[in-house]
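Peer 1: Here it is, the structure in full.
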Amino acid sequence: MFNNKTILITGGTGSFGKKYTKTILEKYSPKRLIIFSRDELKQFEMQQEYNAPCMRYFIGDVRDSERLMQAMNGVDYVIHAAALKQVPAAEYNPMECIKTNIYGAENVIKAALANNVKKVIALSTDKAANPINLYGATKLASDKLFVAANNNVGDRDTRFAVVRYGNVVGSRGSVVPFFKKLLQNGTDHLPVTHEDMTRFWISLQQGVDFVLKNFERMQGGEIFVPKIPSVRIMDLAKAYGPDVPAKIVGIRPGEKLHEIMCPSDDSHLTLEFADHYVISPSITFHSVHCNYTCNALGETGTPVPQGYAYHSGNNPDFMTVEEIIDFDKYAEE
């Protein structure tokens, strides 16, 4: 579906954007692939690796509505990956986080509608489910904006959906490169926030593939959640530093013990499919009428039990230390 189409990714110089670009160029023949981001140095560095004739690099910030309007001219599909994502930084700089993650989401929606973009997928996070930190709260607000945007399409074909997943192995700011850097520098311990902490675990490639598949699945208004394994933070420390002791340093500001992707409060809206969940909209759309139990690919889902929650602590699929080591090798490919 991406052959001879124009695709734009906001925050396109980030970890996801690079892997997405690599995947698209290997598997499809897009008409144009637009990288929209605000950092000229990162764009310059990315151009050294990805400079296919279809590539376009736009300097711009999602806070700038006019620039987004220009960039989306003639675009078929948009992935909204731009965000301020560091939990402690968001706690200390709340308004900056709100401007990018909420006002930026609104600008993306307005630009997509004005340019009759066919489909938009916004990347979310497990921290948006029952949020306790500002980053998660802004991403929940963003999710709500993108879901409700389907009520504003009128007679346009534009549709909006959200993809929510957990910690990406090796992405910028994640614990894996942090641990690896400490070990390379000869650390005598690995700092662990809490011995009972768990997290969902996904590779960049799995995240990209899930997003691409959901462009085919989506009807408009869904929050897609992949079924992925969990890891225990202590097992993670053992996997990367088997001979280095862990030191408990305490939970950081705004951090959870376990992460949630499908809250129990949304169980009446949640459908289980073979390899993913869908949280259907809590509101009724006037322009879009969908049966979310059967997606655009013909896959069928069933309602989850009342009160069901999908979180990293009750996940039936936990990775062992050996599986974490093997997964790290796969994730780096």
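Under this note's numbering, the first residue of the sequence shown carries the number 7, and numbering increases by one thereafter.
Where is the CB? At the ideal position from N, CA and C, for every residue including glycine.
The structure displayed is predicted, hence computed values, not measured ones.
Just the C-alpha distance for Lys344 and Ile104, rounded to the nearest angstrom, thanks.
Peer 2: Nothing about residue 344 can be reported from this structure: the residues present for the chain run from 7 to 339 only.
Peer 1: Starting from Pro197, trace the beta strand (DSSP E) both ways and give me its first and last residue.
Peer 2: Here residue 197 refers to the residue found at position 191 when the sequence shown is read from its first residue. Pro197 -> beta strand (DSSP E) spans Leu196 to Val198.
Peer 1: In this structure, does DSSP put Ser288 in helix, strand or coil?
Peer 2: In the sequence shown, residue 288 corresponds to position 282, counting from 1. Three-state result, Ser288: coil.
Peer 1: Would you say Lys124 and Asp70 are within 8 Å of each other, going by their C-beta atoms?
Peer 2: As a first step, residue 124 is located in the sequence shown; it is residue number 118 there, counting from the start. As a first step, residue 70 is located in the sequence shown; it is residue number 64 there, counting from the start. Taking 8 Å as the cut-off, the beta carbon of Lys124 is found no closer than this to the beta carbon of Asp70.
Peer 1: According to DSSP, simplified to helix, strand and coil, what is Arg62?
Peer 2: As a working note, residue 62 is residue 56 in the sequence shown. Strand.
Peer 1: In terms of DSSP beta bridges, what is Asn173 paired with?
Peer 2: Stepping through the sequence shown from its first residue, residue 173 is reached at position 167. The partner list for Asn173 (beta bridge, DSSP) reads Trp207.
Peer 1: Count the other CB atoms, across all protein chains shown, that sit within 10 Å of the CB of Asn57; report buried if there are 16 or more and exposed otherwise.
Peer 2: The residue given as residue 57 occupies position 51 in the sequence shown. When all chains shown are included, Asn57 counts as exposed.
Peer 1: Do you know how far the Cα of Glu72 is from the Cα of Val237?
Peer 2: Within the sequence shown, numbered from 1, the residue matching residue 237 stands at position 231. Within the sequence shown, numbered from 1, the residue matching residue 72 stands at position 66. Their Cα atoms are separated by approximately 42 Å.
Peer 1: For Ala154, I'd like the list of residues in its chain whose CB is within less than 7 Å of its CB, leaving aside the five on either flank, ordered along the chain.
Peer 2: Translated into positions along the sequence shown, residue 154 becomes position 148. Excluding residues within five positions, the ones whose Cβ falls inside 7 Å are Ile289.
Peer 1: Counting pairs of beta carbons, one from the segment 203-213 and one from the segment 89-105, are three or more of them closer than 8 Å?
Peer 2: no
Peer 1: If we ignore side chains and look at the alpha-carbon of each, how far apart do Asp332 and Gln211 end up?
Peer 2: Counting from one through the sequence shown, the residue named residue 332 turns up at place 326. Counting from one through the sequence shown, the residue named residue 211 turns up at place 205. So the two alpha carbons sit approximately 15 Å from each other.
Peer 1: Measure the CB-CB distance between Ala280 and Asn220 and report whether it falls below 8 Å.
Peer 2: Counted from its first residue, the sequence shown places residue 280 at position 274. Counted from its first residue, the sequence shown places residue 220 at position 214. No; because the gap between Cβ atoms is not below 8 Å, this pair is not in contact.
Peer 1: Measuring only the C-alpha atoms, how far is Glu32 from Asp241?
Peer 2: Counting from one through the sequence shown, the residue named residue 32 turns up at place 26. Counting from one through the sequence shown, the residue named residue 241 turns up at place 235. So the alpha carbons of these two residues sit roughly 35 Å apart.
Peer 1: Is the separation between the beta-carbon of Glu265 and that of Ser180 shorter than 8 Å?
Peer 2: Stepping through the sequence shown from its first residue, residue 265 is reached at position 259. Stepping through the sequence shown from its first residue, residue 180 is reached at position 174. Result no, Cβ atoms of Glu265 and Ser180 do not sit closer than 8 Å.
Peer 1: Any chance you could list the alpha helix (DSSP H) runs of at least 4 consecutive residues sitting entirely within the segment 217-255, in chain order?
Peer 2: 239-246
Peer 1: Under three-state DSSP, which class holds Glu51?
Peer 2: Here residue 51 refers to the residue found at position 45 when the sequence shown is read from its first residue. Helix.
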